């Protein structure tokens with residue numbers, strides 16, 4: 528019997544599965560049908576994209592601020608005490624009286640930023656003990672401006688600890704001087720065009736020696752102008 532050179536599969540014989548054929552041949556089967564591809568979660572994709580946009584915004588904003596502060600360089604004002612005098616000064620029987628007249632020079636070192644000072648609280652201390660304070664009105668400073676600053680502080684018969692009064696008396700007797708500390712605090716706004724930055728400012732002038740002999744009640748600051756600390 529002669530065989531058919533092109534045999535055909537009999538009717539009803541199962542057609543080979545391409546996935547099974549690929550597995551038998553040792554090759555991984557690839558499904559190119561897009562309807563069988565894994566579907567991504569739209570919400571997860573949206574959240575991922577928003578996160579990328581947010582991080583890019585933060586990086587750009589950080590670079591802008593970094594370049595801005597490199598160019599502008601906000602600096603605290605420079606403060607010098609020019610004079611400090613006291614009159615009607617007395618410290619005895621746990622009481623202190625006196626009137627302090629203060630003269631400062633405040634300099635804005637910024638060449639591109641103006642300054643605005645809110646209400647300034649000015650205080651005089653002796654060994655960290657407040658003796659008197661006063662509030663002064665707000666003021667502005669232009670770029671590179673210098674502003675004279677004057678203040679008067681007074682106290683009459685305020686109570687102090689006995690040790691403090693004794694310390695003042697001993698210092699006057701031994702040196703003929705009394706060292707006072709001055710402190711001023713204010714909120715300062717740095718202004719550059721539309722840019723605004725508000726900072727808390729403390730000005731501290733420590734160890735300002737005032738000649739007040741035991742036999743007198745008035746005296747003036749010793750030495751020349753002295754630079755104060757600003758922070």
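Residue numbers (the working numbering): 528 to 758.
The C-beta atom is built at its ideal place from N, Cα and C for all residues, glycine as well.
These figures come from a predicted structure and were not determined experimentally.
Burial state of residue i (16 or more Cβ within 10 Å)
{"i": "residue 726", "result": "exposed"}
{"i": "residue 625", "result": "buried"}
{"i": "residue 582", "result": "exposed"}
{"i": "residue 717", "result": "buried"}
{"i": "residue 608", "result": "buried"}
{"i": "residue 758", "result": "exposed"}
{"i": "residue 647", "result": "buried"}
{"i": "residue 675", "result": "exposed"}
{"i": "residue 618", "result": "buried"}
Inter-residue Cα distance where the pair is residue i and residue j
{"i": "residue 640", "j": "residue 632", "result": "18 Å"}
{"i": "residue 722", "j": "residue 686", "result": "46 Å"}
{"i": "residue 753", "j": "residue 672", "result": "19 Å"}
{"i": "residue 681", "j": "residue 637", "result": "34 Å"}
{"i": "residue 634", "j": "residue 660", "result": "23 Å"}
{"i": "residue 755", "j": "residue 728", "result": "13 Å"}
Spatial neighbours of residue i in its chain, beta-carbon cut-off 6 Å, leaving aside the 5 residues before and after
{"i": "residue 733", "result": "708"}
Beta-bridge pairing of residue i - partner residues as DSSP gives them
{"i": "residue 644", "result": "666, 715"}
{"i": "residue 732", "result": "709"}
{"i": "residue 754", "result": "607"}
{"i": "residue 633", "result": "606, 674"}
Distance cut-off 8 Å: residue i Cβ against heavy atoms of the ligand GTP
{"i": "residue 723", "result": "The model on display carries no ligand, and the ligand GTP is accordingly not part of it."}
Contacting residues, own chain, Cβ-Cβ under 8 Å from residue i (five flanking each side not counted)
{"i": "residue 667", "result": "641, 642, 643, 644"}
{"i": "residue 622", "result": "684, 685, 686, 687, 692"}
{"i": "residue 737", "result": "611, 612, 613, 704, 705, 706, 707, 746, 747, 748, 749"}
Neighbourhood of residue i by C-beta distance below 7 Å, restricted to the same chain and skipping five residues each side
{"i": "residue 711", "result": "647, 648, 649, 730"}
*Evaluate contact between the segment 648-666 and the segment 740-756, counting only Cβ atoms and requiring at least three cross-stretch pairs below 8 Å.*
Contact fails: fewer than three Cβ-Cβ distances are below 8 Å.
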